[in-house]
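Here full-length UniProt numbering is used: position 243 in the sequence shown is 243, and no number is missing along the way. The beta carbon of each residue, even a glycine, is placed where N, CA and C say it ideally should be.
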Amino acid sequence: MNFYFILIGILQSFRELSPVNPWTTWLPIIVIFVIAILREGYDDIKLHREDKKINERKYTGYVNGDLKEIQSKDFHVGDVIILERDKECPADIIVLQSSEKDGTCSIETSNLDGETNLKERTMLPVFAEMDPSTFKDLNAKVKCQPPNSELYLFNGTVEIQGNLHAITSSNFIQAGTILRNTNKIIGTIVYAGKQTKLGLNSQKPPVKWTKIEILLNTVSKWVFGIQILLSIACGSFGNFYQIKHMMDFAYLEITKYDWRDWLTLYVRFFLLTTSMIPISLKVTLDICKFIYSLWIELDNKMILSDRRNNDTEIKHTTCANTSVIEDLGAVEYIFTDKTGTLTENVMELKKFSAKGVIYGYSSDTETIYEDPLLHNAFVEHDMNVYNLIRCLALCHTLKIENNEPIGISPEEISFIKGLNRLGITVTQEGKIFSIQSESLNIPLMRYEIKYVIPFNYIRKRMSVIVKDLDSNKYWLLTKGAGEIVSKNCAVPKSFEYFDGQQYQLAGMGLRVMAQSQKELSEQEFNTFISNIEHIRREINNREENEAIVYDNLEKDSELLGMTAIEDKLQQGVPETISMLRDAGIKIWMVTGDILQTAIKISFSTQLIQGDGKILDLSYKGTPVSKLLSTAKEYVDSQFKVSPNFVFYLTLQGTTNQACLPELLSPPLVEDFKSLASRAKCVIVSRATPLQKAQIVECIKSMNKTVLAIGDGGNDVPMIRAAQIGVGIHGKEGMQAAAAGDFALHQYRFLQRLLLVHGRYAGYRTSWLSQFCFYKSTVLCLIQLLFMFSSGFSGSSFFNSFNIMCYNAIFTILPVIFFLQDKDIEESSIFLHPYVYQDTQHSIFCNKRTLFWWYMRGIYQAIVITIIWYFVFTEHHANNVDGNAASLDEAQQVVYSALILIILFTVTLETMHFTALNLIFIWGSWILYVFVAVVASSISSIEMLKDMYLVMWRTTANPIHWCTVITMVSSAIAPPFFVQAVASMVTPTRTQIIRKNETVKRSVFEPVYLVSRQQNRDDRRLLAPTYNPMSYWDQSDSIFCQTC
């Protein structure tokens, strides 16, 4: 669109082509570009200052063999840096030495992922005994992967004196991290500048197009096509008229009419109709989006301050991408994670099972902490319980300081806190962990952590190798997803009920994890370490080869039992889901948890309400294709019997009963979409991050507006795949919040974000966009109708100054301040959430409403033209001094009436008046009169010469005032009357609700008051049985029944 207006401006620069002054286009273009440049320039200046501040930070390091103070911008790959305590790392480095005795250091990665918990890094052992002064002459060759955006992935090797040594992520520190609790470290730079992990992850939010913008782009193309046709038609008629009547205008001294004159007239008509596409639309929408984002961020009903935990910090909702705000009112599907999104992600260990015996699940108690059976097990030194306790105490990535676990995993923290609550003390000194309990007669047991196999979303488990310092035995301890851990174990007969117990605990809504152990000989341990070191000497396929070695090591483990953790729901989740569903939004749960837990949580959150059957498509021996076809046939038959048939769908992603990969494959995906789109809710369990994104893309392909919400790094692909991504500030970091278009602190804020901000944004932008096209169309049509009076000469009816100020000054402020309008109150939206479907189904902006606006514009242009044509004839148009009125005065009268028509239209369309509305609507009329009078007093400026004394002569003639009043009343009254009759005869749901609001205000009652009876539950209004109007109300305009 910018290119279009620049092209128009260039064409208007040629005097023989342009019917108006070139500044009528160039000045608005310049204003728009200046606004954009100032806004972006301000951001660029802030970024430049921040960059300069970062680039000029001073560090100590070796450059070209010399130890000196260096600015961060002067570091290059291969330089050696000394990073001191509490300083931010300026580049990606590998740790050569640490001031700590054990060679470790602690870092904070809050600048990368929002996590404030400290993480441990270790130095490369080969550099442990080296003198730091020798680093300036050290000849070592580091080989690593090319720069990539994987924050936590680093593979490489260092070659010293012909020997290769592996470098892993545990030796790697990213730019932006801060050194904590360590005096200093020495490192060498492997990535610098924009090639660092932080630099490669610093991306601007993607540009997304909303449904309204897509419609407006289509309308603009159609209007451009109409503009071309009008130019050709009017140009052809004008050329024919000129040739036929050329001799009648001898005083013009036209002696010839060649092809240049033909072409010129076509171009003049094209330039004359350029106002059909409003030049102010883009800047108006940009201003609107900016204001919408401010309202979202400053909404005091969407802030979190947890005073229960003495948290006085006020946490606001943030908007990272303003381009999708209108689509918040058009969401049809929500894909939500479970843990940390619907739940608080504050875990508490409730029960566990050791070798088939469940503790904390009896008639006497519901938790392990008061279970006499568990106490007896400790007294009797039950080794099954001891082994499970050891696994919980050692198999984690936490640091334990003063008996307090420090880390990012809520599950692991719940294990240590649960042991402490049982009276078992777990302490840590470096890599040595001690376990003991005087109250439970557990003697002191000391273990050294020898190797950690980290958790990832593919393996779905983590393991540690520990050495018993008393017996010198090596143990492999594992925890993770039940079906994954048990698959690597030789399950004895005494624990043959593992699956049943897992489903039983999961059915209580508890998060279940399995534990196992395996005794290793010293030779097995050394062989394992040797294999890993050999693999790490290679950079390519390192992760895949490591995974094979890990799997082989974990085979034939002994299954110890399982733990059951409670994760409570967030405040307001069931109410939020119920209200969003009443608003016509379908909500799917996509989680990595076990199916039974997901179903239980679905019942407690109202995702599953027990009003329909649950169809499970999990693979259980029957081919998935047959399951799908059977389910589809069953659903089809039920819908034929009852159109209101309700059913739920459950799927699994990566278990031995996985069906999701096959359902998303080309042969079945269309049938799957047909079935899933009719389900009331779909529960997807054991889904990988990639599968979460794939299922979002699957529904997006149906042209549905999709919102994805999650709190963890595994939700980032899903959030980025959706049209609208919402991240929740979670316990596990800020990756999801950073990846989303919006960041919330709790799930319950989603209902206000969609129902209030989304609906109002959709309503206001719909009106503003169509109104911009309408007011530009009226102006353009008056210009074209003037051609019947000017012999299709291609000249402009309005002078250049008036055309320039029309969209840029006199009519833009009322449009922008329409942003405060509300068709109904917020409380009414929450009482009647089905009104959200007004924006969801584009009721405020569609072909019918556009047709109505254009019909109104055409009618008003014709009325104005007819009136001025009959008023300004040689018999009637006389000024007070007896002189005939000029064309300048005629156009000024029409222009004044047009401004008033626009202002009256805004006034009559406004549903919610504020002081600012009134000031900027009628203040625009005062501004117009003032500017026009001043412009009429100036003759020295080229553009204002046509305005000289025109406004003075216009206002001095009473006939002109009467003409303006006649034009305004004739143009405004009939459309308003038709709208009023339509709203009385066929009112929309919103109009009915608004009438109820007006009635209640008239008797000084709040609009949300339903009954004066005491103890009456007004929430019943939200029940479908009270008001079943959950379908699309198509009575959105007066032309609905005829178009």
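- The beta-bridge partner set that DSSP reports for Leu649 consists of Leu615 and Val682.
- The beta carbon of Lys467 sits closer than 6 Å to those of Glu448, Lys450 and Tyr474, all from its chain and outside the five residues before and after it, given in chain order.
- Fully contained in the region 366-454 are the following alpha helix (DSSP H) runs of length 4 or more, in chain order: 372-379, 383-394 and 410-422.
- For Val190, the three-state secondary structure derived from DSSP is strand.
- Taking 7 Å as the cut-off, the beta carbon of Phe639 is found no closer than this to the beta carbon of Gly612.
- Arg461 is bridged by DSSP to Gly480.
- Boundaries cannot be given for Arg748, as no alpha helix (DSSP H) includes it and DSSP labels it neither H nor E.
- Across the structure, Thr425 and Tyr361 are spaced so that their CA atoms are roughly 24 Å apart.
- Annotation for Thr60: no alpha helix (DSSP H) segment contains it, though the beta strand (DSSP E) segment containing it runs Lys58 to Val63.
- DSSP places Ser674 outside any beta strand (DSSP E); the residue lies instead in the alpha helix (DSSP H), whose first and last residues are Pro666 to Ala676.
- For Phe792, the three-state secondary structure derived from DSSP is coil.
- Only residues of its own chain outside the window of five on either side were considered, and among them Ile824 have a CB closer than 6 Å to the CB of Arg994, listed in chain order.
- Among the bridge pairs identified by DSSP, Arg121 is matched with Cys105.
- Secondary structure at Glu88: strand, using DSSP grouped into helix, strand and coil.
- When only Cα atoms are considered, Ala980 and Asn807 end up about 28 Å apart.
- Counting along the chain, Thr591 sits inside no alpha helix (DSSP H), nor does DSSP assign it H or E at all.
- Under DSSP, the beta-bridge partners assigned to Asp66 are Val63.
- For Asn714, the closest of Ile54, Gly103, Ala693 and Thr60 by C-alpha to C-alpha distance is Ala693.
- Shortest Cα-Cα distance from Ala547 to any of Val624, Tyr836, Tyr457 and Arg49 involves Tyr457.
- Of the other Cβ atoms in all chains shown, fewer than 16 fall within 10 Å of the Cβ of Asp470; this residue is therefore exposed.
- Below 8 Å, enough C-beta pairs join the region 829-844 and the region 754-763 to call them touching: three or more.
- Counting of Cβ neighbours within 10 angstroms places Leu949 among the exposed residues, the total staying below 16.
- For the 7 Å CB-CB criterion, Thr905 and Ile921 do not form a contact.
- Between the C-alpha atoms of Val931 and Thr954 there is a straight-line separation of about 14 Å.
- Bounds of any beta strand (DSSP E) do not take in Leu819, whose DSSP letter is neither H nor E.
- Separation of Val385 and Ser437 (C-alpha to C-alpha, rounded to the nearest whole angstrom) is 14 Å.
- Taking a C-beta distance under 7 Å as the contact criterion, Asp671 and Leu628 qualify as a contact pair.
- Counting other Cβ atoms within 10 Å of its Cβ, Lys119 reaches 16 or more and is therefore classed as buried.
- Excluding residues up to 5 positions away in sequence, Ser72 lie with their Cβ nearer than 6 Å to the Cβ of Arg57 in the same chain.
- Ala140 is positioned such that its CB atom lies no closer than 7 Å to that of Glu533.
- Cβ-Cβ separation between Val968 and Ala890: approximately 16 Å, too far for a contact (criterion under 8 Å).
- Residue burial is scored here from C-beta neighbours: Cys234 has at least 16 other C-beta atoms within 10 angstroms and is therefore classed as buried.
- Per DSSP, the unbroken alpha helix (DSSP H) holding Phe639 starts and ends at Val624 to Val641.
- Contact annotation: Asp79 and Val95 have beta-carbon atoms that are not nearer than 7 Å.
- With fewer than 16 other Cβ atoms inside 10 Å of its own Cβ, Arg260 counts as exposed.
- If you ignore the 5 residues before and after Gln770, its C-beta comes within less than 8 Å of the C-beta of Cys845, Thr849, Leu850 and Trp853, all in its own chain and listed in chain order.
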